[in-house]
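The structure under discussion appears below in the form of structure tokens.
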Amino acid sequence: MSTGTASLMGFARSSSKSGPVHLDPVTIALVSAIVLLGLIMVTSASVSIAGQESGQPFFYLERQLLLTLLGASCAAVLFSVPTEVLERASLPLLALAIALLIVVLVPGLGHSVNGSRRWLRLAGANFQVSELARVLVLIWVASYAVRREEPLRESLGGLVKPLGLLVFVAALLLAEPDFGAATVLFATGFGVLFLAGARLRHVLAMTACAVAGFGALAVLSPYRWRRIIGFLDPWADPFNTGFQLTQSLIAIGRGQWFGVGLGDSVQKLFYLPEAHTDFLFAVLAEELGLMGVVLTLGLFMALVWRSFYIARLAANAGLKFAAYLAAGFGLWIGIQAFINIGVNMGVLPTKGLTLPLMSYGRSSLIVALAWVGILLRVYHEAMREQRGSATVRGSA
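Heads up: the sequence shown begins at 67 in this note's numbering, then just goes up one per residue.
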């Protein structure tokens, strides 16, 4: 991450001509630690399968390093973009998100993998459009919360409109199908609207409707219902519907207090599917034990806390849109990490979601790091406003 950080500082100096650059060392340190731990675990989890598939044991490490550099470069670019520009462009960005989600469903344009049509082929590589689309939609949600603050706080109609948009986007995600992404987007958008001042009784009513809707979708879909049955009793069919979860639980159980040792996981040796992506946490728990699990959870909790701290700084500085962006990042990183870890531990049914900033994944890592650039921009603007106000008061 040192190259990405240097790039970020270079962009910051060139783009901030009105005063000093304010980079948040805590956010940079936390993100760097999570990404570095992810690089170590991706290498360990993938070395066997990479050697068998390509003859290059460090194939996935090299790709993950490249993706990290690309993501850090995107973060640097977005750090140089004022949040007010994102706010003004929120509607075109929403239109772009919807267009991407529609295009990916068109046969011949969208690329299908394992029965799911979620990717576009760009420059010879697959890009999962839902990762980018979710961020663009949440930018619009944050903008709506600022523009329609009074209706949002005073009436149910003010809450129904953005929720209707979230339902529409979630329907496009479900058509891929991508139930996990739809769940994370809806929960994060809902959370931003609640933080923006939506009335508790309206939120509770809409939450009940949303839970009922997602529950119906899960029950009425045969393959989702099979996942639920496998989740409730994975040992009843450990070689079919319960295979992923049983292997994950075996890996976590083997880790005990201090793990079996880095690189010594047995479950990653062709037993645990998607060991370097969706089930990276299980390999981490096996090799690093409870101590590694506590460290990982602590890093994610600290990053979520820091995101909300930055959101509060922005709110105190009068930057409402920026505050909602920072809070949205914190909600997203927390919700998706919770779901991924919950799936690995058998607390939640299986979803195709990566562990943010850690799992191997082209689109998810690049987009997550790019969003970190927006978070750092919010911190910069909040600190600039605070110090500017302090200067004015001092001169007075």
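Think of the CB as a built atom: it goes at the ideal place given N, C-alpha and C, for glycine as much as any other residue.
This structure is a prediction, so every number in the text was calculated from the model and none was measured.
Backbone CA spacing between residue 129 and residue 139 [nearest angstrom]: Taking the sequence shown and counting its residues from 1, one reaches residue 129 at position 63. Taking the sequence shown and counting its residues from 1, one reaches residue 139 at position 73. Cα-Cα distance, rounded: 15 Å.
Separation of residue 437 from residue 86, as counted between CA atoms: To locate residue 86, count along the sequence shown from 1; it is residue 20. To locate residue 437, count along the sequence shown from 1; it is residue 371. The alpha-carbon atoms of residue 86 and residue 437 are separated by roughly 22 Å.
Cβ shell of residue 225 (< 7 Å), same chain only, five flanking positions each side left out: For the purposes of this step, residue 225 is identified with residue 159 of the sequence shown, where counting begins at 1. Only 218, 259, 264, 268 and 272 meet the Cβ criterion.
Exposed unless 16 or more other CB atoms sit within 10 angstroms - verdict on residue 402: Numbered from 1 along the sequence shown, position 336 holds the residue referred to as residue 402. Buried is the call here.
Span of the alpha helix (DSSP H) around residue 130: Indexing the sequence shown from 1 puts residue 130 at position 64. Counting along the chain, the unbroken alpha helix (DSSP H) around residue 130 starts and ends at 125-145.
Limits of the unbroken beta strand (DSSP E) element including residue 193: By 1-based counting over the sequence shown, the position of residue 193 is 127. Per DSSP, the continuous beta strand (DSSP E) segment holding residue 193 begins and ends at 191-194.
C-beta atoms of residue 320 and residue 242 nearer than 8 Å: Reading the sequence shown from its first residue, position 254 is the one you call residue 320. Reading the sequence shown from its first residue, position 176 is the one you call residue 242. In terms of Cβ geometry, residue 320 and residue 242 do not form a close pair [threshold 8 Å].
Cut-off 6 Å between Cβ atoms - residues of its own chain near residue 426, not counting five sequence neighbours on either side: Counted from its first residue, the sequence shown places residue 426 at position 360. Around residue 426: 108, 126, 130, 342 and 343.
Backbone CA spacing between residue 252 and residue 231 [nearest angstrom]: What you label residue 252 is simply residue 186 of the sequence shown in a count that begins at 1. What you label residue 231 is simply residue 165 of the sequence shown in a count that begins at 1. Approximately 10 Å between the Cα atoms of the pair.
Span separating the alpha-carbon of residue 328 from that of residue 104: Position 262 of the sequence shown holds residue 328. Position 38 of the sequence shown holds residue 104. If you take the alpha carbons of residue 328 and residue 104, they lie about 13 Å apart.
CB of residue 417 within 8 Å of CB of residue 246, strictly: The sequence position of residue 417 within the sequence shown is 351, counting from 1. The sequence position of residue 246 within the sequence shown is 180, counting from 1. Contact: yes.
The region 345-363 touching the region 428-436, judged by at least three CB pairs closer than 8 Å: Counting Cβ pairs under 8 Å, fewer than three are found: no touch.
Neighbour-count burial assignment, residue 444, 16 or more Cβ in a 10 Å radius: The count along the sequence shown starts at 1 and reaches residue 444 at position 378. So residue 444 counts as buried.
Anticipated Cβ contact below 8 Å, residue 100 with residue 365, distance rounded: In the sequence shown, counting from the first residue as 1, residue 100 sits at position 34. In the sequence shown, counting from the first residue as 1, residue 365 sits at position 299. A Cβ-Cβ separation of about 5 Å places residue 100 in contact with residue 365 under the 8 Å criterion.
Local conformation of residue 453 per DSSP, three classes: To locate residue 453, count along the sequence shown from 1; it is residue 387. Three-state DSSP puts residue 453 in a helix.
Neighbour-count burial assignment, residue 188, 16 or more Cβ in a 10 Å radius: Taking the first residue of the sequence shown as 1, we reach residue 188 at position 122. By the 10 Å Cβ count, residue 188 comes out exposed.
Residue 345 to residue 197 span [Cα, whole Å]: On the sequence shown, residue 345 is found 279 positions in, with the first residue counted as 1. On the sequence shown, residue 197 is found 131 positions in, with the first residue counted as 1. Straight-line Cα distance between these residues: approximately 19 Å.
Of the residues 422, 448, 266 and 312, the one placed nearest residue 137, counting alpha carbons only: As a working note, residue 137 is residue 71 in the sequence shown. The residue from 422, 448, 266 and 312 with its alpha-carbon nearest to that of residue 137 is 422.
Euclidean distance between Cα positions of residue 414 and residue 354: For this step, residue 414 is matched to residue 348 along the sequence shown. For this step, residue 354 is matched to residue 288 along the sequence shown. Rounded to whole angstroms, residue 414 to residue 354 spans 22 Å at the Cα level.
Beta-carbon proximity list for residue 68, same chain, < 7 Å, skipping 5 on both sides: Working through the sequence shown from its first residue, we reach residue 68 at position 2. Note that residue 68 scores a pLDDT of 48, beneath 50, so its modelled location is shaky and nothing firm can be said.
Residue 423 - DSSP class collapsed to helix/strand/coil: Taking the sequence shown and counting its residues from 1, the one referred to as residue 423 is at position 357. DSSP places residue 423 outside both helix and strand once states are collapsed to three, so it counts as coil.
Residue(s) in a DSSP beta bridge with residue 86: By one-based count along the sequence shown, residue 86 stands at place 20. Checking the DSSP bridge columns, you'll see residue 86 has no partner listed.
Length of the line joining the Cα atoms of residue 147 and residue 158: Counting from one through the sequence shown, the residue named residue 147 turns up at place 81. Counting from one through the sequence shown, the residue named residue 158 turns up at place 92. Between residue 147 and residue 158, the C-alpha separation is close to 16 Å.
Simplified DSSP assignment, three categories, for residue 339: One-based indexing of the sequence shown puts residue 339 at position 273. Three-state DSSP puts residue 339 in coil, outside helix and strand.
Length-filtered (4 minimum) alpha helix (DSSP H) runs lying within the region 307-388: Within the region 307-388, the complete alpha helix (DSSP H) segments of 4 residues or longer fall at 309-321 and 346-382, listed in chain order.
The alpha helix (DSSP H) enclosing residue 112, as first and last residue numbers: As a working mapping, residue 112 is identified with position 46 in the sequence shown. For residue 112, the enclosing alpha helix (DSSP H) stretches over residues 91-120.
For residue 333, the nearest candidate out of 106, 111 and 91 (CA to CA): Position 267 of the sequence shown holds residue 333. Ranking the options by Cα distance to residue 333, first place goes to 111.
Beta-bridge pairing of residue 187 - partner residues as DSSP gives them: Numbered from 1 along the sequence shown, position 121 holds the residue referred to as residue 187. Looking at the DSSP assignment, residue 187 forms a beta bridge with 192.
Assumed close pair residue 338, residue 314 - CB separation to whole angstroms, cut-off 8 Å: Here residue 338 corresponds to residue number 272 of the sequence shown, with the count starting at 1. Here residue 314 corresponds to residue number 248 of the sequence shown, with the count starting at 1. The pair is a contact, with the Cβ atoms about 6 Å apart (cut-off 8 Å).
Span separating the alpha-carbon of residue 175 from that of residue 167: Here residue 175 refers to the residue found at position 109 of the sequence shown. Here residue 167 refers to the residue found at position 101 of the sequence shown. Roughly 11 Å between the two C-alpha positions.
Reduced DSSP secondary structure (H/G/I, E/B, other) of residue 78: As a first step, residue 78 is located in the sequence shown; it is residue number 12 there, counting from the start. For residue 78, the predicted structure reports a pLDDT of 46, less than 50, and the residue's modelled location is therefore unreliable. The matter cannot be settled from this model.
Residues of its chain near residue 439, where Cβ-Cβ distance is below 8 Å and the 5 sequence neighbours each way are ignored: Residue mapping note: residue 439 aligns to position 373 of the sequence shown, counting from 1. Taken in chain order, the residues that qualify are 74, 140, 141, 142, 143, 144 and 145.
DSSP-derived helix/strand/coil call for residue 415: For the purposes of this step, residue 415 is taken as the residue at position 349 of the sequence shown. If DSSP states are grouped into helix, strand and coil, residue 415 belongs with coil.
Option in 396, 309 and 388 with minimal Cα separation from residue 451: Looking up residue 451 in the sequence shown gives position 385. Distance check between residue 451 and each of 396, 309 and 388 places 388 closest, using alpha-carbon atoms only.
Ordered list of alpha helix (DSSP H) runs contained in the region 189-248, each at least 4 residues: Secondary structure within the region 189-248: the alpha helix (DSSP H) runs of 4 or more consecutive residues, fully enclosed, are 195-213, 215-220 and 222-240 (chain order).
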